Amino acid sequence: MSTAANAVRPEDDKVLGPLLECDRALIAASKKICVLKTIGWPADMEATFLAGYERGNPVLPQPPQRQPDLSQEMETLKAIMARLDRGHPIGNWLFKTTWSYLTAAQMLMGTGTETFTRCSTALYGRPDTIYPSQTSNAVDAANDLLAISDDLVGREGVPPVPADIPAEEFAQRLRERLGPFFDKDKVDVVLNPEMPSKATAGSKSINLRSTALFSALDLEQLTEHEAFVHTATLLNGKHQPYFKALGLGAPRTTRIQEGLATFSEIITGAIDLNRLRRIALRVVMLARALDGADFIEVFRGFLEAGQTPTESYQSAARIFRGGDVRGRICFTKDGAYLEGVMIVYMFIRKVLQVGQADMLPMLFAGRVTTADVITLAPYMQSGLIARAVYVPPWARNTQRVLSLMTFFTAAQRFRLDTVALERFVAYEDELIDESLQTPWQ
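Using our numbering, you'd call the opening residue of the sequence shown number 16 and step up by one each time.
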């Protein structure tokens, strides 16, 4: 902000003041709208289902249907939206963020019904959607990834990464990674035996399932994905001087958050082919569930693709939580990872192409979408939006990102399907034979 003695504080500004009031009201209204906590399945359901599967008689799970009463929060959110001026860039950002919490509240109040999937689709998208200016969808991209990896090494040729590190030892290794990076905040690593997933991230801690075993590669993936993106963006949002809603994990930011976190794994080499296939496979199975496949059919689909029974259960449960295990009513968040990483990839390429590399750190200034980066970036010049405190090492080096993008874009020109391995030998022999046919001068 301006340092002039007569500068008006944002709180006292006729335009910014009401926006800041809406920002605070949104934070208060959003506290009870907790999507994953509301739709999560009890951990003991896994053992029950897998026991039936082992006996050759799997039975559809019967998860509890929670439909919280969020009607008061919804009325508050509607009132906030009515106050916001969408003609102002910050007002429009706040409006869209408020809308996403309103939609999430409607989704949670409609668990198990068509309303749930309709709202989920509005927030996280559908894997079969073809967007304007595009000719394919996320399912197409997922099938391409699976087919390409099959062609490269074959499904049986993707060796599993051994997971043999106990949670306590793994937690200590992770703490050693986090300390030097989060030098202005305390971020702990917490063990929890009741977690349905192996790891989750918050602004104060990375949470690990204490009964799980981890691999050395998990350390790289969790560092880049959970800590350096999810935790970092939450903390950066909390460090914002004025608009604290940047520190909210607003549902509308999920697609870009997961895409950015997955892109971080890819560009740092922290991802492995098994994980990339797992992300793609979830998209394919989500599409099947939306088309009517039930939980058992989706579970078997993951099994047939090479996942273990435990992994297959957990992957299927992610799709059906909050929905209907008989199919069609699903939680579509798992389709957001692949679509999100494609959007982030295209956005970063475009930002570098047009010479606006300074926008890249803005992706980490809080929980934002790519649209937010474009809309809010100008306010970084005035100080109304603060620069990110924590930015992953890869994102600080735009030349590195640019060189990788340039290389992989150019490499796409060369076809692999027309080249056999023996061709490398034949080509070299042909060069020498051709040379021998030419008389020496």
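For glycine and all other residues, C-beta sits at the position ideal for the given N, C-alpha and C. Predicted model, so just to flag it, every value in this text is computed and none were measured.
For the alpha helix (DSSP H) assignment, the uninterrupted runs of no fewer than 4 residues enclosed by the region 62 to 102 are, from N- to C-terminal side, 86 to 98. If you draw a 10 Å sphere on the C-beta of Ile447, you find fewer than 16 other C-beta atoms in it, and that means exposed.
The beta carbon of Ala403 is closer than 7 Å to those of Asn251, Pro376, Phe379 and Ala380 in its chain, skipping five residues each way along the sequence. Secondary structure at Arg270: helix, using DSSP grouped into helix, strand and coil. Fewer than three beta-carbon pairs drawn from the region 280 to 291 and the region 125 to 134 are found closer than 8 Å, and the two stretches are therefore not classed as touching.
Taking all protein chains shown into account, Ile344 has 16 or more neighbouring C-beta atoms within 10 Å of its C-beta and is therefore buried. In the DSSP assignment, Leu206 falls within the unbroken beta strand (DSSP E) covering Asp203 to Asn207. In the DSSP assignment, Ala216 forms a beta bridge with Ile221. Counting along the chain, Lys259 sits inside no alpha helix (DSSP H), nor does DSSP assign it H or E at all. The beta-carbon separation of Arg267 and Lys111, rounded to 6 Å, stays under the 8 Å limit for a contact. Nearest C-alpha to Asp349 among Leu232, Thr323, Leu367 and Arg297: Arg297. Looking at the DSSP output, Leu228 sits in a beta bridge with Pro181. In its chain, beyond the 5 residues on either side, Phe310 and Val340 have a beta carbon closer than 6 Å to the beta carbon of Leu75.
Residue burial annotation: Pro147 is exposed, with fewer than 16 other C-beta atoms found within 10 angstroms of its C-beta. Note on geometry: alpha-carbon atoms of Met89 and Ala120 lie some 7 Å from one another. Rounded to whole angstroms, the separation of the alpha carbons of Leu318 and Ala276 is 26 Å. Phe243: not part of any alpha helix (DSSP H); DSSP gives it neither H nor E. Comparing alpha carbon positions, the residue from Ala242, Lys213 and Gly217 closest to Phe229 is Lys213.
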